[in-house]
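Enquirer: One structure follows; several queries about it will come next.
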Amino acid sequence: MHVLIVDDEPLAREELAYLVTQHSGVTSIATAESVDEAMSQMMDDKPDIIFLDIQLMGETGFDLAKRLVTLKKAPYLIFATAFDSYGVKAFEVNARDYILKPFEEKKILQALDKAMEALKGTANPQVEEERAVLDTIPVYMEDRIYLIDPEEIYGISVEGRVLTIMTKDHQYEMTGTLNSLKSKLPNQLFLQTHRSYMINLTKIKEIQPWFNNTLQVTLLNQVKVPISRSYIKVFKEKIGLD
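When we follow UniProt numbering, the leftmost residue of the sequence shown carries the number 1, and every step to the right adds one.
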């Protein structure tokens, strides 16, 4: 795989280039310090993967990212930056990963593993990259942003302004509301069952009668979720109960 590193700081470019060379799947590396130089590099030698900084001399990585979106076959884009506040904006321009400085070898190699696996199994990388950005839920935790496939989500709960997204083996937390997340999830899979809960209907293990004519659902990951009275009618219709 050919990797292009775009960063206006020489030491950052050198450090990242060294870490990238530690991955056995990387065959060549090019570097650039500006958007114009990066575009020139791409004309000469089309990269499979781009590591892109946000702050560049007099411009930003988003200037380059917006150009990449228009390409017929765009590279796999990874933002590599010292700024942790542009995660959502990054994924709006089809970024597939977001790594913070100072770089750690383990995280760089993990990002490359993920990138190469995606490129390896993709007949049309541009279509697949667009699909992934549109269909996944970005969740920022610590120094990484995770892209979660809605089909892997078992349930979602909210307490205050903290959303907890549950998968089979993990829980991810982000700031927001159920309503803000609901619009990003497929209606055929997800249903709100309580003012504080939403579930994936395909992850239901069993349903039990509960207090005051309500129901309780046990999900496949053993988490129990209430079905409040105001949601019971729609819930029963969705799963085919009389």
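All C-beta atoms, glycine included, are put in the ideal place defined by N, C-alpha and C.
The beta strand (DSSP E) with residue 96 in it runs from where to where?
Expert: Residue mapping note: residue 96 aligns to position 96 of the sequence shown, counting from 1. Run containing residue 96: none; DSSP gives neither H nor E here.
Enquirer: Buried or exposed: which applies to residue 184, given that a residue is buried once 16 or more other Cβ atoms fall within 10 Å of its Cβ?
Expert: On the sequence shown, residue 184 is found 184 positions in, with the first residue counted as 1. Exposed.
Enquirer: Consult DSSP for residue 126 and reduce its assignment to one of helix, strand or coil.
Expert: Position 126 of the sequence shown, counted from the start, is the residue given in the question as residue 126. Only weak support exists for where residue 126 lies, its pLDDT of 49 falling under 50; the value from the coordinates is given anyway. Helix, per DSSP.
Enquirer: Between residue 228 and residue 214, how many whole angstroms is the CB-CB distance? I'm expecting something under 8 Å.
Expert: Position 228 of the sequence shown, counted from the start, is the residue given in the question as residue 228. Position 214 of the sequence shown, counted from the start, is the residue given in the question as residue 214. Sure, about 6 Å apart at Cβ, within 8 Å.
Enquirer: Pull up the CB-CB distance for residue 56 and residue 88, whole angstroms please, since I reckon it's below 8 Å.
Expert: Walking along the sequence shown from the start, residue 56 turns up at place 56. Walking along the sequence shown from the start, residue 88 turns up at place 88. The Cβ separation is near 20 Å, so there is no contact.
Enquirer: Can you list the beta strand (DSSP E) stretches of 3 or more residues lying completely in the UniProt domain "Response regulatory" (2-116), in chain order?
Expert: You should have 2-6, 28-32, 49-52, 76-81 and 97-100.
Enquirer: Roughly how many whole angstroms lie between the Cα atoms of residue 169 and residue 63?
Expert: Reading the sequence shown from its first residue, position 169 is the one you call residue 169. Reading the sequence shown from its first residue, position 63 is the one you call residue 63. In a straight line, the C-alpha of residue 169 is about 38 Å away from that of residue 63.
Enquirer: Using only the alpha-carbon positions, how far apart do residue 32 and residue 83 sit?
Expert: Indexing the sequence shown from 1 puts residue 32 at position 32. Indexing the sequence shown from 1 puts residue 83 at position 83. So the two alpha carbons sit approximately 19 Å from each other.
Enquirer: Rounded to the nearest angstrom, what separates residue 129 and residue 94 at their Cα positions?
Expert: Working through the sequence shown from its first residue, we reach residue 129 at position 129. Working through the sequence shown from its first residue, we reach residue 94 at position 94. Note that residue 129 scores 45 on pLDDT, short of 50, meaning its location in the model is unreliable; the coordinates nonetheless yield the value given after this. Their Cα atoms are separated by approximately 7 Å.
Enquirer: Across the stretch 140-160 and the stretch 45-60, are there enough close Cβ pairs to call them in contact, namely three or more that are closer than 8 Å?
Expert: Touching, no.
Enquirer: Going by DSSP, which residues form a beta bridge with residue 237?
Expert: Here the question's residue 237 lines up with position 237 in the sequence shown. Partner(s): none; residue 237 has no beta bridge.
Enquirer: Does any C-beta atom of chain D lie closer than 8 Å to the C-beta of residue 101?
Expert: The structure shown has no chain D; it contains just one protein chain.
Enquirer: Skipping 5 residues on each side, what residues in its chain have a beta carbon closer than 6 Å to that of residue 98?
Expert: For the purposes of this step, residue 98 is taken as the residue at position 98 of the sequence shown. Correct list, in chain order: 79, 87, 90 and 145.
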